[in-house]
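Presented below is the structure to which this report refers.
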Amino acid sequence: MNYYFNEIEAKWQKYWFDNQIFKADNQNGKPKFYVLDMFPYPSGAGLHVGHPLGYIASDIYARYMRHKGYNVLHPMGYDSFGLPAEQYAIQTGQHPAKTTEENIKTYRRQLDQIGFSFDWSREVRTSNPDYYKWTQWIFIQLFESYYCNDAQQARPISELEEVFRAEGNYRINAAADENIEIFTAEEWKNYSEKEKQEILAKYRLTYLSETEVNWCPALGTVLANDEIVNGVSERGGHPVVRKKMKQWSMRITAYAQRLLDGLDKIDWPQPLKDSQINWIGRSEGAMVSFKIIDHNEKIEVFTTRPDTIFGVSFMTLAPEHDLVSRITTDKYKDAVEKYKDATSKRSERDRMADVKTISGQFTGAYVEHPFTGKKVPIWIGDYVLASYGTGAVMAVPCGDQRDYDFAKHFNIEIPNIFQDIDISEHACEDKTAVIANSDFISGMPAKKAIKRIIYELEQKGIGKGKVNYRLRDAVFSRQRYWGEPFPVYYKDGMPQMIDVQFLPLRLPEVEKYLPTEDGKPPLGNAHDWAWDSIENKVVSNEKIDNKTTFQLELNTMPGWAGSSWYFNRYMDAENSNEFAGKKALNYWKDVDLYIGGSEHATGHLLYSRFWQKFLFDRGLLPVDEYAKKLINQGMILGTSAFVYRWEYENGEESDKAKKTIFVSKTKMEKIIKERETIENSKRGVIGEHVDLVNVSKNTSGNKWSHFTPIHADVSFVNASNELDIEAFKNWRPEYKDAEFVLEDGKYIVGREVEKMSKSKYNVVNPDDICEDYGADTLRMYEMFLGPLEQAKPWNTAGISGVHGFLKKMWKLYHSGENGIFYVSEEESTKEELKTLHKTIKKVDEDIADFSFNTSVSSFMIAVNELTSLKCNKRKILEPLAILISPYAPHIAEELWNKMGNDGSISKVEFPVLDLKHLVESTKTYPISFNGKLRFTMELSLDLSKDEIEAAVLAHEKTKQHLAGRTPKKIIVVPGKIVNIVG
RNA sequence: GCCUUGAUGGCGGAAUUGGUAGACGCGCUGGAUUCAAAAUCCAGUUCUGGCAACAGAGUGUGGGUUCGAUUCCCACUCAAGGUACCA
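The numbering used here puts the first residue of the first sequence at 530, with every later residue one more than the last.
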């Protein structure tokens, strides 16, 4: 009987579904284990072979842990809010919900086909109202909280109000906006309700603020930095301006230190931790304020090198800095305005990309140096970013290269404050340099000088030690339709929360998904979007006749909102009273293994840690880090195929110019080479490289033709790079009559490894693989391809090896001429047991360190060995099927079932390793030296007398090297001796 | 520039704490089976020389530590990913 994988796979997938085999209980005597995948965005293109890599790995782990006696939670869902569905809706008018629904169906079919053991009863979709209700609810919890720096945790905002009532805010140490005025209890009582709300807003963990954004008037939307190219929008090429808009922000900066500290507690890949550390960007230094001469104001700066303060020769403010307009003297007004204008036109990214050009402008104002009393000029310059630190720096040209370049450019003095260091060429950024010419810190090394200067600053009340973070608060508003609506309406200009737990606020229907004519976000198009408030007033998007209406918030939440807590929802996905029930949360607690791509390092993986910590602080979750271990699976790359179009340009070949001609790869290379030779000899040049592929018409009087590489769909190309010419011709009408210049009767394409993408026609679909080889082959092959964490090109060349292995394995359980199923009840031999236990050991170890690729190899070895031993014994083949079942579950189920077992193999215990079967072949040799028995050695091979003598010699020699100590072990191999030193 | 990771046959990739480098698979070569093909099975396959036994070289480059280095240390080259006037 042959291995009909299609029948087997369909049969068992149905069995798993019908019997709910992978449904996890929220209560169970077994220990829990939570295996999580990053849920996908259901795009219109469906899954390609790159997507399932991580899912296969986690599925193997989940199945393995079930065999090991754990209660495994292995859920899946969809991150179904997102931009592509909205773009599609704008183009076609199709409702995003509908497109999303269709895409999800495709995804589900494809996922099922691969045989994953997901518990689909817990599926979540971020765009589902039953789900986003809780995303909105979490938003409200953030709004109702502030961050107490003393307690290092988030607390209810009501507590803060109580303190304000009792004693004002002078003792409050909270993460909040800068420039909060100190007030007393008395003053608090006298504030109006609105004033009180405005003050509280400065403490809330989510707050409205004027944020500078990249606004594209033509598209009516805010663009991310990477959506802008050369100052115009990537899409459409419309101008973009920097504009202040009122937007919701998340006070993630309050958690900067805890997000940093938390990394020590979790087992995540070091590169990923590094990029989070980098992103948070902690730096220690000091705040220093400089008094502006003839003004009542001060410039606050942050510096990591307060010890270089005696080297300050100017100050630089970001052009956007508040102080600029107030301190600029009349003489410089025009020049400063002009400079500000010029920089505001450049996006932040442009400014950062263009680091070579030095520009700046003197303001005419000066500060007083706090220690020397010297007059220090104030400049503005776009190398200072408004968004970092205080938007101002004390410039120390001798100690900072940027300040140095600026000073050189504008002829500002460069005082040297380092002992024996030459600064005539460049600044000295070395922290080991000794400070000089600096009054009371002269002669000190940097570390000591920093301590001393901070002490002095604090004594004088003009500065203090400070830790600064690069991390910024996260903007949380999007001018989009397809996202979670904010549960917010406005009353007297102040935001009010809508209690969605009792009064759900759903995404309304709109006719158009574009912004409104007057520039409001797409939700402004909603007509009958209204909600009755408890105050008996109508909250609505638009004015309703004769009623007082309050405006609803029209922005939606960003993509990361829904994905920042979904892993907790899986624990209790159907709960309609809570975001997740206490009991379920306490049982599952956290994710034991999380698998996903590293591209989310500073997005999803940072925001979700932030929300987790917040919810933990408020007593809503039992742990403050949600994923104990994380693995980044590497990307599977595509291998693009190229055909080479020959294009004529000169007169005599103009007839052919109308024809499309494709030249086979080697022929094309040959033609180019020949030309190169001709060209070079013509010009008398030898050995000079001339690129003739694209140029050539300029290099001589003769106009050469050239070749243009064109992506061909990889499905037209076989494993030996041969193009299916007919299929290619039918692909596009313009290729219908194309001619092909062949080599050996074939058209050979060029190959290149690139990211898998629709536009590169290099996408390989898992459906085709499942069709041709089966899901088990796909699963094993993807694992066999190489280490999980490494990026690798998709290449089907080796798939026949894995498929052949499964066929071979199938044959082990079938015997006789017609291949009838048969296993014998005989006792197993030593050799057979050795093979089995070797494999158990290897698979156990491999899964423990995620080396799935090598366990596929060990299965192959096992099956080869058992085949040559002609082993068909149940005692060996039953455990073998269990071993393989995490990798190839369908074939394992089928064989398990054929061997007369009831129920799913996934419920069976993993075979137990017995080491005694592995050491049986070692032998103890008595070793004598110079005729005297000295010791015995355990050796794993049969050795000749000569070899034993050689081993003894080697042993003695080693002993001499070790000055008498005995070596731990000697490995003796016929012909060679190797000692292992103890 | 900085941070991180990596570099091993024709190819994908193995190699426990430093101890027979190249497991396993692909490809290739030869053979069996077949009228023939597919499928399957067996043998060989790092490179150089040799019919062979065998000899020499060999894990990006150059040094070092060690009885012994793919593995540890130093310097460099290249590649991939992240990040960037962060004061």
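Positions of the beta carbon are idealized from the N, C-alpha and C atoms, including for glycine.
I'd like to confirm the pairing. Which residues does DSSP put opposite residue i in its beta bridges?
i	result
Trp1175	Ile1190, Phe1236
Gly1167	Glu1283
Phe1350	His1343
Tyr895	Pro906
Arg654	Tyr607
Lys1402	Ser1353
Leu1081	Tyr1018
Leu602	Tyr563
Val1120	Ala1156
Ile1277	Glu1251
Are residue i and residue j closer than 9 Å when you measure CB to CB?
i	j	result
Gln948	Ala965	yes
Phe1388	Met1338	yes
Lys1404	Glu1374	no
Leu815	Ala921	The residue asked about is misnamed: residue 815 is Ala in this sequence, not Leu. No.
Pro974	Ala962	yes
Phe1269	Met1309	no
Lys1402	Val1331	no
Gly889	Val830	no
Leu1444	Phe1096	no
Ser1244	Gly1167	no
Trp797	Ala1377	no
Gln556	Tyr1116	yes
Ala586	Phe1381	yes
Val1152	Lys1118	yes
Phe1139	Ile806	no
Ser650	Lys552	yes
Can you check which of these residues, the options, is closest to residue i by C-alpha distance?
i	options	result
Met605	Val896, Gly1125, Glu1281	Gly1125
Ile701	Lys718, Ile728, Glu724, Asn719	Ile728
Lys1436	Asn1426, Pro768, Leu1444	Asn1426
His1446	Gln1025, Ile1298, Thr1358	Thr1358
His624	Gly611, Tyr636, Thr635	Gly611
Pro835	Lys775, Ile809, Gly928, Lys772	Gly928
Asp823	Arg811, Val830, Trp808, Pro906	Pro906
Trp666	Arg1261, Val1270, Leu1144, Ser1244	Leu1144
Ser1092	Pro560, Gly1012, Leu1362, Thr1368	Gly1012
Met1023	Ile709, Glu1354, Leu737, Ala539	Leu737
Glu739	Ile1160, Ala1003, Pro1051	Ala1003
Gly1303	Gln642, Lys543, Asn557	Gln642
Asp1297	Gln639, Ala626, Tyr532	Gln639
Gln1080	Trp808, Ser1069, Pro1087, Gly1088	Ser1069
Asp1101	Leu852, Trp541, Tyr563	Tyr563
Arg787	Ile809, Leu986, Val1192	Ile809
Report whether the distance from the Cβ of residue i to the nearest heavy atom of the ligand NAD is below 8 Å.
i	result
Lys634	Ligands displayed in this structure: none; no statement on the ligand NAD is therefore possible.
Just reading off the beta strand (DSSP E) that residue i is part of, what are its end residues?
i	result
Lys1112	Counting along the chain, Lys1112 falls outside any beta strand (DSSP E), though it belongs to the alpha helix (DSSP H) covering 1111-1117.
Ile1160	1159-1161
Lys772	770-779
Ser738	735-745
Met1309	Where Met1309 is concerned, there is no enclosing beta strand (DSSP E), although the alpha helix (DSSP H) it sits in stretches over 1304-1313.
Glu710	Glu710 -> no beta strand (DSSP E), and no H or E assigned at all.
Leu1269	The sequence given here places Phe at residue 1269; Leu does not occur at that position. 1268-1270 is the span of the beta strand (DSSP E), which, as asked, contains Phe1269.
In terms of residue numbering, what span does the alpha helix (DSSP H) encompassing residue i cover?
i	result
Glu1360	1359-1377
Ile585	581-596
Asn1097	1095-1098
Tyr1514	Residue 1514 is absent from the structure shown; the chain starts at 530 and stops at 1511.
Gly1091	1089-1092
Glu985	975-989
Contained beta strand (DSSP E) runs [length at least 3] in the segment 1414-1444, N- to C-terminal order: Listed in chain order, nothing qualifies, since the segment 1414-1444 has no complete beta strand (DSSP E) run of 3 or more residues.
If we require 4 or more residues per run, which alpha helix (DSSP H) segments fall completely within the segment 671-696? The segment 671-696 contains these whole alpha helix (DSSP H) runs: 686-696.
Just to confirm the assignment: which complete beta strand (DSSP E) runs, minimum length 3, are found wholly within the segment 1010-1064? If one requires a minimum length of 3 residues, the beta strand (DSSP E) runs lying completely within the segment 1010-1064 are 1017-1020, 1023-1026, 1059-1061, in chain order.
Beta strand (DSSP E) runs contained entirely in the segment 788-846, provided each spans 3 or more residues: Complete beta strand (DSSP E) runs here, min 3: 811-821, 827-832, 843-846.
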